[in-house]
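Working notes for the structure below.
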Amino acid sequence: MLPADDDTPEDFPLLPGMQPHDRWMRVALDEARAAAEEDEVPVGAVIVAAGRVIASAHNQREQLADPTAHAEMIALTQAAAALGSWRLEQCTLYVTLEPCPMCAGAILQARVPVVIWGAADPKAGAVESLYRLFEDQRLNHRVQHTGHVMAEECGRILSDFFRQKRKIPRADTGF
Ligand SMILES: [Zn+2]
Numbered sequence: 001m002l003p004a005d006d007d008t009p010e011d012f013p014l015l016p017g018m019q020p021h022d023r024w025m026r027v028a029l030d031e032a033r034a035a036a037e038e039d040e041v042p043v044g045a046v047i048v049a050a051g052r053v054i055a056s057a058h059n060q061r062e063q064l065a066d067p068t069a070h071a072e073m074i075a076l077t078q079a080a081a082a083l084g085s086w087r088l089e090q091c092t093l094y095v096t097l098e099p100c101p102m103c104a105g106a107i108l109q110a111r112v113p114v115v116i117w118g119a120a121d122p123k124a125g126a127v128e129s130l131y132r133l134f135e136d137q138r139l140n141h142r143v144q145h146t147g148h149v150m151a152e153e154c155g156r157i158l159s160d161f162f163r164q165k166r167k168i169p170r171a172d173t174g175f
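This note's numbering puts the first residue of the sequence shown at 1, with every later residue one more than the last.
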């Protein structure tokens with residue numbers, strides 16, 4: 001969901017004690033919560049340009065029946081549409097979970113210069129955990145990244161979601 005046109009940095013104030021990245025990670029966390037409410041694995045992403053949110057999305061893999069419908073992929077498409085260009089060279093992407101290889105690849109393709117991510121993903125992370133795609137000297141683009149930002153909150157949404165899932169008997173879920 002894209003924020004309304006009148007969303008400005010003042011709508012997302014930098015409160016006392018808040019780290020600069022927390023402001024936008026909170027917006028990504030709101031997206032992750034929206035995913036959980038839709039019974040999607042709760043991951044949220046936000047893209048900021050010139051101090052404004054230009055894309056805001058959450059994982060929709062189940063609803064769209066689309067393996068590529070990760071939060072970052074949807075946000076990249078929204079941002080490119082908003083800017084009228086596939087080159088997102090002035091953008092910062094915030095995401096609650098360490099990007100997977102697909103999303104890290106798309107971020108590289110979009111030339112996003114900075115990514116701020118939340119919880120590490122030991123099973124699929126392509127920034128630090130399994131691969132370090134953003135630092136790979138063989139690629140023609142590098143991405144500055146900062147991880148573990150609000151990692152506890154970002155991880156808790158995921159662990160709560162999966163704990164809730166496990167309470168449902170297997171026979172009722174089909175997996
Ligand atoms: Zn992904």
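All C-beta atoms, glycine included, are put in the ideal place defined by N, C-alpha and C.
Would F162 be called buried (16 or more neighbouring beta carbons within 10 Å of its own) or exposed? Taking the first residue of the sequence shown as 1, we reach residue 162 at position 162. The residue in question, F162, is exposed, as its Cβ has fewer than 16 Cβ neighbours within 10 Å.
What residue range is occupied by the uninterrupted alpha helix (DSSP H) comprising T77? Residue mapping note: residue 77 aligns to position 77 of the sequence shown, counting from 1. Per DSSP, T77 is one residue of the alpha helix (DSSP H) stretching across A71 to L83.
CA-CA distance, V48 and I74? Along the sequence shown, read from residue 1 onward, the residue named residue 48 stands at position 48. Along the sequence shown, read from residue 1 onward, the residue named residue 74 stands at position 74. For V48 and I74, the distance between alpha carbons rounds to 14 Å.
Same chain only: Cβ atoms within 6 Å of I116, ignoring 5 sequence neighbours per side: Along the sequence shown, read from residue 1 onward, the residue named residue 116 stands at position 116. Excluding positions up to five away in sequence, the list reads H21, Y94, T146 and V149.
Is C100 near A126, with beta carbons less than 8 Å apart? Residue mapping note: residue 100 aligns to position 100 of the sequence shown, counting from 1. Residue mapping note: residue 126 aligns to position 126 of the sequence shown, counting from 1. Against a cut-off of 8 Å, the Cβ pair of A126 and C100 comes out as a contact.
Terminal residues of the continuous alpha helix (DSSP H) containing R23? In the sequence shown, counting from the first residue as 1, residue 23 sits at position 23. Start and end: D22 to E37.
Check the DSSP bridge columns for A49 and list the partner residues they point to. The residue you call residue 49 lines up with position 49 of the sequence shown. DSSP, once it has assigned bridges, lists R52 and C91 as partnering A49.
Which two residues bound the contiguous beta strand (DSSP E) that contains H119? Locating residue 119 in the sequence shown gives position 119, counting from the first residue. The residue you asked about is not His; residue 119 is Ala in the sequence shown. Unbroken beta strand (DSSP E) run through A119: V114 to A119.
If you draw a straight line from the alpha carbon of N59 to that of M102, how long is it in whole angstroms? Here residue 59 is taken as the residue at index 59 of the sequence shown, counted from 1. Here residue 102 is taken as the residue at index 102 of the sequence shown, counted from 1. One C-alpha to the other measures close to 13 Å.
For a test of the three-state rule: what should DSSP assign to G44, helix, strand or coil? Numbered from 1 along the sequence shown, position 44 holds the residue referred to as residue 44. Residue state, collapsed to three classes: strand.
Alpha carbon to alpha carbon, what distance is there between L88 and A81? As a first step, residue 81 is located in the sequence shown; it is residue number 81 there, counting from the start. As a first step, residue 88 is located in the sequence shown; it is residue number 88 there, counting from the start. C-alpha separation (whole angstroms): 10 Å.
Could you give the residue range of the beta strand (DSSP E) that holds Q137? Here residue 137 refers to the residue found at position 137 when the sequence shown is read from its first residue. For Q137, there is no enclosing beta strand (DSSP E), as DSSP marks it with neither H nor E.
Alpha carbon to alpha carbon, how far is D122 from G51? Residue mapping note: residue 122 aligns to position 122 of the sequence shown, counting from 1. Residue mapping note: residue 51 aligns to position 51 of the sequence shown, counting from 1. Correcting the residue identity first, residue 122 is Pro in this sequence and not Asp. Going by the C-alpha atoms only, they are around 31 Å apart.
What is the rounded straight-line gap between the Cα of Q137 and the Cα of T92? Position 137 of the sequence shown, counted from the first residue, corresponds to residue 137. Position 92 of the sequence shown, counted from the first residue, corresponds to residue 92. Straight-line Cα distance between these residues: approximately 21 Å.
Distance, Cα to Cα, R156 vs R142? One-based indexing of the sequence shown puts residue 156 at position 156. One-based indexing of the sequence shown puts residue 142 at position 142. R142 has its alpha-carbon roughly 30 Å from the corresponding atom of R156.
Check each candidate in P42, V112, E31 and V41 and name the one with the smallest Cα separation from W86. On the sequence shown, residue 86 is found 86 positions in, with the first residue counted as 1. Considering only alpha carbons, the answer is V112.
What separation, rounded to the nearest whole angstrom, lies between the Cα atoms of L133 and Q144? Within the sequence shown, residue 133 is the residue found at index 133, counting from 1. Within the sequence shown, residue 144 is the residue found at index 144, counting from 1. Their Cα atoms are separated by approximately 11 Å.
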